[in-house]
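Asker: I'd like to ask some things about the structure below.
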Amino acid sequence: MKTTPDGRPVPPMCAAERPMLDAWLDFHRATLALKCSGLRDDQARRASAPPSTMTPLGLVQHLAEVERHWFQGVFAGLDVPPVFGADNPDGFGLRPGRGLEEALAVWRAEVARSRELADGASLDDLGRLSAEEAGRVGGAGVSLRWIMVHLIEEYARHNGHADLLREGIDGAVGA
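If you want the working numbering, it's the position in the sequence shown, counting the first as 1, plus 11.
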């Protein structure tokens, strides 16, 4: 597999649907890690795009929650608590003492568990939304295909946020 100059895997230009989705999700996961690379903890806690309070550390925590919710909770039907506690279900809240490396390690573990749960599953396999979520979208069944496309979209959107945050923190641009 080819990589970008910064080491991220380049998604194939032509591939079957599942390898394409896997590759794009991995590309965006790698982009998040790259956007956080080299940040000190104080920098990772900095909200550098006012009036937003979003931080790189909060983004990493949020995406760990997203991975857990969609792959473990929805797809696998596991009863799992939020990664960073019931008082921080979206993950954006920062806790004194939790640094970027700790949050990245937790996020990487959630990504590994997501891969494990999706490995060998069909894109047509269904997960189940909670009654509250189903009420908002009009149905409870959600395919692995939809989950993967949603995560690609979620990462792409938040990686755009990470671009702006990182540029405001230390001027780093690109990727």
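Just so you know, even glycine gets a beta-carbon here, dropped at the ideal spot from N, CA and C.
Note that the structure is predicted; figures quoted are calculated from it, not measured.
At what residues does the beta strand (DSSP E) containing R139 begin and finish?
Answerer: That run of the beta strand (DSSP E) goes 137-139.
Asker: Exposed or buried, which one is M159 when buried takes at least 16 other CB atoms within 10 Å?
Answerer: By the beta-carbon neighbour count (other beta carbons within 10 angstroms, threshold 16), M159 is buried.
Asker: Got a sec, what are the start and stop residues for the beta strand (DSSP E) G152 sits in?
Answerer: 152-154
Asker: Please tell me whether Q72 and G102 are closer than 8 Å, where the distance is taken between their beta carbons.
Answerer: yes
Asker: Is the CB-CB distance between L68 and A55 below 8 Å?
Answerer: yes
Asker: Note down, one range per segment and in chain order, each alpha helix (DSSP H) of at least 4 residues found wholly within the region 39-90.
Answerer: 52-55, 67-78
Asker: The alpha helix (DSSP H) with V148 in it runs from where to where?
Answerer: Annotation for V148: the continuous alpha helix (DSSP H) segment containing it runs 142-148.
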